[in-house]
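**Student:**
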Amino acid sequence: MFISPDPAASAISSAYSSVHLRLHPLIPPPPGCFTVVLAGGQLLLVLTSRGENPSADYLTFPAPYHALMIYPLPSLPIIRFQSRIVFCFVDGFDLAENGLCSASSQAQHGGKTWDCPSPVWPRVVSGKTRKDRKNNQILASVTDISLEQSIESASLPKGDIWSVHKFGGTCMGTSKRIQNVADIVLSDSSERKLVIVSAMSTVTNMMYELVNKASSRDDSYISAIDNVYEKHIATAKDLLDGEDLAIFLSQLHEDITNLKAMLRAIYIAGHATESFSDFVVGHGELWSAQMLSYTIKKYGKPCCWMDTRDVLVVTPTSSNQVDPDYAESERRLEEWFTHQRADIIIATGFIASTPQNIPTTLKRDGSDFSAAILGALVRARQVTIWTDVDGVFSADPRKVSEAVILRTLSYQEAWEMSYFGANVLHPRTIIPVMKHSIPILIRNIFNLSAPGTRICQVPVNENGDKKSLETVVKAFATIDNLALVNVEGTGMAGVPGTASAIFSTVKDVGANVIMISQASSEHSVCFAVPEKEVKAVSAALHTRFRQALEAGRLSKVEVIPKCSILAAVGQKMASTPGVSATLFDALAKASINVRAIAQGCSEYNITVVLKQEDCVRALRAAHSRFYLSKTTLAVGIIGPGLIGGTLLDQLRDQTATLKEKFNIDLRVMGITGSSKMVLSDTGIDLSIWREVQKEKAEVADLDKFAKHVYENHFFPNTVLVDCTADTNVANHYYDWLRKGIHVITPNKKANSGPLDRYLKIRTLQRLSYTHYFYEATVGAGLPIISTLRGLLETGDKILHIEGIFSGTLSYIFNNFEGSRAFSEVVSEAKEAGFTEPDPRDDLSGTDVARKVIILARESGLKLELSDIPVRSLVPEPLRACSSSEEFMQQLSNFDTEFSKEREDAEAAGEVLRYVGVVDVVNEKGFVELRRYKREHPFAQLSGSDNIIAFTTTRYSNQTLIVRGPGAGAEVTAGGVFSDILRLASYLGAPS
């Protein structure tokens, strides 16, 4: 015999009403197996099996004897008891000869019959060994110390003295990272520390792969286990030295040898039970716990490691869930602690035992669960989960780049987020600590400066009311790859048991119901299930309700595939007015259609089901709407000419300020002209947009351009800005708006074109949350459209609108005075850039007529552009000129006519002004050259200013006048920019 400090690393245990070798929980015991029998807490018997026929080679003892270990070995049987005593026996050890049994028994072994009395081995083996080669035995010298005397009386301390840490596979991934873990543990000033560790990164998957390969009779399992062996040898050599290294490598070699024997058996059988698999996989945690324990010991700190299969007892309830037995686990922990009293305990995560002492695992996120259970058992001050992120995010940062780290979460909020797929903790992890109000801290091992996220009980103020946390809605989570099942029919209403029949059918299929929603009329029930399970669910429901469907009591069992769930999570948010309205408003404005809704009375979440293709956009829209991130707009600029180019420069200069001060993030995702375009997935750098347009341009395709900007799922809101005067572009507005793309434009063609197209666009706009802004179509940067709408929306009645709508013509007639010729002033305006390249486009009056028709339609008149009489300033003989140059050369021939009109006006004390008029009372409009007294506001203009006078019921005695610059790229681009910011405000940006 010899003594080993190592704990029972590979025990497979079982408890029965009677104990014998044939009742091994996994396989019948081959030669070389042994059993350790305990009674009353004392070691009773150590028995070996050496017969060639295992079925006839057994020993039986009545209850309450307890088989502690049954272990297959290739050579010497080795027994570890409470990590202190190791017994070795070789064939030839005679039980009767050594005083363990006497001859009157019913227990048979190896052809001999012995009596097996009550506990007869009251002593503990000492550290001295001697060899007696006479009987080929290894025996131990025996001390006179009883087992009870050798175990010091001790109870497990509990409370704030304990600090619990859990380090996952990433944290334990390399020797350097394990050293970092040791440093963190040593820097913790807590009196006692309980550290739970996972296997090294990838090791758990490697161990599962071993079992899979062996059960598939794939010989490569041998090389695969060698890779596992070499990985741990290399890590141990980096971390350890001397005796600690030798002990660990010896234990590692023994474990690998035993695993190879077990995998060989699996290979031969071609099958592995779940218990076999759990036993093999659990070794990764055993090895990482030992390496960390030895690493900490190097610094002279008392440290031991715990095989949690000796402590944690769980009952499997399904293939992916277990229920802890807290009472039994606490009893075993108390017992374990009597033998191991170090201040630092390194415990294995993920693994546990069943009540029958069969190895098992805690399934998904098992190490976190281990930490929570152990933290609850010792009533720890805090449980810290170390991971590779800075904390819990308000949304998945892979989908919402602006997601923020949450400083605090309530247990319920964390629970809800976990259920809906957020990478927080598994919901079951929260249960043990919540019972004892133990906070959980999520921290980043690679960024120790980050404070992390604290999951705790909601603070209570002096009045006993719950304090609100940072925001009412704390975070958003999503679940993808779902299908919605809708069971509908008038025969369901008021019929007891219908819902029970539906969900019992789903249960029989084994499907997991994620969400349920039922109309109060009881006419329909819908629920979400994983898409991979919906086919079986649908078939089962059709079978179960075949008669009801044929009789018409149920109208349909409908499956809606490719769905996702979006959940808004927050403390008490359901009792806060406006939360649901804000959420649905954000989704509507992002053109997201909601298929089903569920909100529990617990007030912790609002759940919506939507198309999977809309999920990311919905997530980003909701996240930004609740001020958790910036209101982001994906912008497409059409027409990078004078106005479009100026707008891009304005966006460039203001982008940083908008982000910092107004929480608005404008991303120009594409720029297109008539022949070429540039596209970007993340946003064009506007500081070099002209260079990008030259170097990375592709052939322009307006449909491809719009699709690119709209279908970028990282940006929930899309706006196309048309800075052209192109009728073809304007013809796309309706389709864009129908798809949920917002449109902003100074292009007058859509609103002044065919009346039916205008009415169709406006009707669509009013019926949806898609916005269509066109302030710059009439007054460039002047608020003319918004002023008119404000008057109408507040109940005023428009009587008359009159104004100078053309900055070009305003400039011309403001300067057409004295002895100056008309052609001279037009030429000056052209050189100053006030006119179109061909001045006839301005002088024809068509542009003013379009503005008049826009205002007339906004006022409720149903007029076509052809209904507006226009006084053209282009002499009729010059309308056929082939070029603008020819026109300018011949315009002077008509100066006399224009001069005469001016002189007649001046003689009457008046001035000439080119105006547009909307006569709402008489339902007509016109464009003409009018004369005004010099004291009239229209006569007071200078430069290229515009002026518009509104006569209404309220403003009948004194008109409402809007005046200011009405031409030029800067002010027009500014008007468009203002519409973009107005859209951002509607979408949730602070106003």
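Its first residue numbered 1122, the sequence shown is counted upward by one per residue in our numbering.
Glycine included, C-beta positions come from ideal geometry on N, C-alpha and C.
List the residues that DSSP assigns as beta-bridge partners of Ile-2116.
**Tutor:** With the chain represented from 1122 up to 2112, any question about residue 2116 goes unanswered, as that position is not in the structure.
**Student:** Alpha carbon to alpha carbon, what distance is there between Gly-2037 and Phe-1894?
**Tutor:** One C-alpha to the other measures close to 22 Å.
**Student:** Given this structure, state the Cα-to-Cα distance separating Gly-1512 from Cys-1647, to the nearest angstrom.
**Tutor:** Each residue's Cα considered, the two are about 35 Å apart.
**Student:** Starting from Asp-2016, trace the alpha helix (DSSP H) in both directions and tell me its first and last residue.
**Tutor:** 2016–2028 is the extent of the alpha helix (DSSP H) around Asp-2016.
**Student:** Assuming contact is defined by CB atoms lying nearer than 8 Å, are Glu-1896 and Ser-2063 in contact in what I supplied?
**Tutor:** Cβ distance not < 8 Å, so Glu-1896 and Ser-2063 don't count as in contact.
**Student:** Please work out which residues of its chain come closer than 7 Å, Cβ to Cβ, to Trp-1857, disregarding the five sequence neighbours upstream and downstream, and give them in chain order.
**Tutor:** Only Ala-1827, Leu-1841 and Val-1864 meet the Cβ criterion.
**Student:** Confirm, please, whether the CB-CB distance from Val-1443 to Tyr-1329 is below 8 Å.
**Tutor:** Cβ distance not < 8 Å, so Tyr-1329 and Val-1443 don't count as in contact.
**Student:** Determine the burial state of Val-2042: buried for a count of at least 16 other Cβ atoms within 10 Å of its Cβ, exposed for fewer.
**Tutor:** So Val-2042 counts as exposed.
**Student:** Return helix, strand or coil for Arg-2034, following the three-state DSSP convention.
**Tutor:** The answer is strand: DSSP assigns Arg-2034 an E or B state.
**Student:** Can you list, in chain order, the residues of its chain with a C-beta nearer than 8 Å to that of Lys-1628? Leave out the 5 residues immediately preceding and following it.
**Tutor:** No residues qualify anywhere along the chain.
**Student:** Taking only three categories from DSSP, how would you classify Ala-1446?
**Tutor:** Ala is not the amino acid found at residue 1446; the sequence shown has Asp there. Coil at Asp-1446, not helix or strand.
**Student:** Starting from Arg-1788 and walking both ways along the beta strand (DSSP E), at which residues does that stretch end?
**Tutor:** Run containing Arg-1788: 1785–1793, per the beta strand (DSSP E) assignment.
**Student:** Checking the sheet assignment: what are the DSSP bridge partners for Tyr-1932?
**Tutor:** Answer is none; Tyr-1932 lacks a bridge partner.
**Student:** Measuring only the C-alpha atoms, how far is Asp-2025 from Met-2009?
**Tutor:** Cα to Cα, Asp-2025 sits roughly 25 Å from Met-2009.
**Student:** Under the rule that 16 or more other beta-carbon atoms within 10 Å means buried, what is Gly-2089, buried or exposed?
**Tutor:** So Gly-2089 ends up on the buried side.
**Student:** What does the alpha-carbon distance come out to for the pair Val-1521 and Gly-1924?
**Tutor:** Cα to Cα, the separation comes out at about 48 Å.
**Student:** Does any CB atom of chain B fall closer than 8 Å to the CB of Thr-2017?
**Tutor:** As a matter of chain content, chain B is missing from the structure shown, which is built from one protein chain.
**Student:** Please name the residue in Met-1555, Gly-1691, Lys-1484 and Lys-1677 whose C-alpha comes closest to that of Ala-1473.
**Tutor:** Minimum Cα distance to Ala-1473 is reached at Lys-1484.
**Student:** Give the straight-line distance between the Cα atoms of Leu-1197 and Glu-1364, rounded to the nearest whole angstrom.
**Tutor:** Note that Leu-1197 scores a pLDDT of 33, beneath 50, so its modelled location is shaky and nothing firm can be said.
**Student:** If I follow the unbroken alpha helix (DSSP H) through Glu-1104, where does it start and stop?
**Tutor:** Lying outside 1122 to 2112, the shown extent of the chain, residue 1104 is not represented and no answer is given.
**Student:** Which same chain residues end up closer than 6 Å to Ala-1524 when comparing Cβ atoms and leaving out the 5 residues on each side of it in sequence?
**Tutor:** The residues are Phe-1514, Ser-1515, Ala-1516 and Pro-1518.
**Student:** Given this structure, state the Cα-to-Cα distance separating Arg-1961 from Arg-2000, to the nearest angstrom.
**Tutor:** Straight-line Cα distance between these residues: approximately 8 Å.
**Student:** For the beta strand (DSSP E) that Ser-1311 lies in, which residues bound it at each end?
**Tutor:** Taken as a continuous stretch (DSSP letters only), Ser-1311 belongs to no beta strand (DSSP E), as it is neither H nor E.
**Student:** Run through DSSP, which three-state label would Asn-1714 get?
**Tutor:** It is coil, neither helix nor strand.
**Student:** Residue ranges of each alpha helix (DSSP H) run of no fewer than 4 residues wholly in the stretch 1905–1966, ordered along the chain?
**Tutor:** The stretch 1905–1966 contains these whole alpha helix (DSSP H) runs: 1905–1914, 1928–1936, 1943–1952 and 1961–1964.
**Student:** Where DSSP assigns a beta bridge to Tyr-2107, which residues make up the other side?
**Tutor:** None, per the DSSP bridge assignment.
**Student:** So, at 6 Å on beta carbons, what are the nonlocal neighbours of Val-1969 in its own chain, with the 5 sequence-adjacent residues on each side left out?
**Tutor:** Once the five neighbours on either side are set aside, the close Cβ partners of Val-1969 are Phe-1926, Ser-1927, Gly-2037 and Val-2048.
**Student:** Give every residue of the same chain whose Cβ lies closer than 6 Å to the Cβ of Tyr-1831, excluding the five residues on either side of it in the sequence, and list them in chain order.
**Tutor:** If we look at Tyr-1831 and ignore the five residues flanking it on each side, its Cβ neighbours are Thr-1839 and Ile-1862.
**Student:** Taking Cys-1736 as part of the alpha helix (DSSP H), name the residues at either end of that continuous run.
**Tutor:** Looking at the DSSP string, the run of the alpha helix (DSSP H) that includes Cys-1736 is 1736–1746.
**Student:** What is the C-beta distance between Leu-2012 and Val-1947, in whole angstroms, given that I count them as a contact (C-beta under 8 Å)?
**Tutor:** The Cβ separation is near 6 Å, so the contact holds.
**Student:** The alpha helix (DSSP H) with Lys-1556 in it runs from where to where?
**Tutor:** Run containing Lys-1556: 1548–1556, per the alpha helix (DSSP H) assignment.
**Student:** Please confirm if the stretch 1691–1701 is in contact with the stretch 1660–1669, defined as three or more CB-CB distances below 8 Å between the two stretches.
**Tutor:** With a cut-off of 8 Å, the stretch 1660–1669 and the stretch 1691–1701 do not count as touching, because too few Cβ pairs lie within range.
**Student:** Determine the closest residue to Lys-1918 out of Met-1613, Thr-2072, Gly-2046 and Gly-1470, with distance taken between C-alpha atoms.
**Tutor:** Closest option to Lys-1918, Cα to Cα, is Thr-2072.
**Student:** Over what stretch of residues does the beta strand (DSSP E) that includes His-1863 continue unbroken?
**Tutor:** From DSSP, the beta strand (DSSP E) with His-1863 extends over 1863–1865.
**Student:** Quick one: measure Cβ to Cβ for Val-1302 and Met-1293, integer angstroms, because I've assumed they're closer than 8 Å.
**Tutor:** Yes, they are in contact, since the Cβ atoms of Val-1302 and Met-1293 sit about 6 Å apart, within 8 Å.
**Student:** Using the three-state DSSP reduction, which class does Tyr-1342 fall into: helix, strand or coil?
**Tutor:** DSSP places Tyr-1342 in helix when its eight states are reduced to three.
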